[in-house]
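Peer 1: Below is one structure. I have some questions about it.
Residue numbers (our numbering): 8 to 80.
Following this line, the structure appears as structure tokens:
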């Protein structure tokens with residue numbers, strides 16, 4: 008039963024993405040319409056959505072040395 012459900016979900020997702028409007032733009036000629044600060048883009052409406060400008064938290068005990076904290080700064 009799990010395999011059939013997975014196949015149906017995959018087909019549903021594929022059909023949904025085929026029906027979506029493409030949102031690739033030719034940048035210098037076409038620009039996005041942003042609302043607010045515009046950090047995300049909603050392809051169904053064609054409008055940018057203001058996102059969360061969250062604060063990067065550094066936990067030294069979880070540090071793996073990936074240097075993402077320096078990129079976030």
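Every residue gets a Cβ at the ideal spot worked out from N, C-alpha and C, and that includes glycine.
Would you tell me roughly how many angstroms separate the C-alpha atoms of residue 74 and residue 68, rounded to the nearest one?
Peer 2: Here residue 74 refers to the residue found at position 67 when the chain shown is read from its first residue. Here residue 68 refers to the residue found at position 61 when the chain shown is read from its first residue. About 14 Å.
Peer 1: Where do the ends of the alpha helix (DSSP H) carrying residue 31 lie?
Peer 2: Numbered from 1 along the chain shown, position 24 holds the residue referred to as residue 31. First-last for residue 31: undefined, no H or E at that position.
Peer 1: Alpha carbons only, please: which of 51, 71, 72 is nearest the one belonging to residue 29?
Peer 2: For this step, residue 29 is matched to residue 22 along the chain shown. With distances taken between Cα atoms, residue 29 lies closest to 51.
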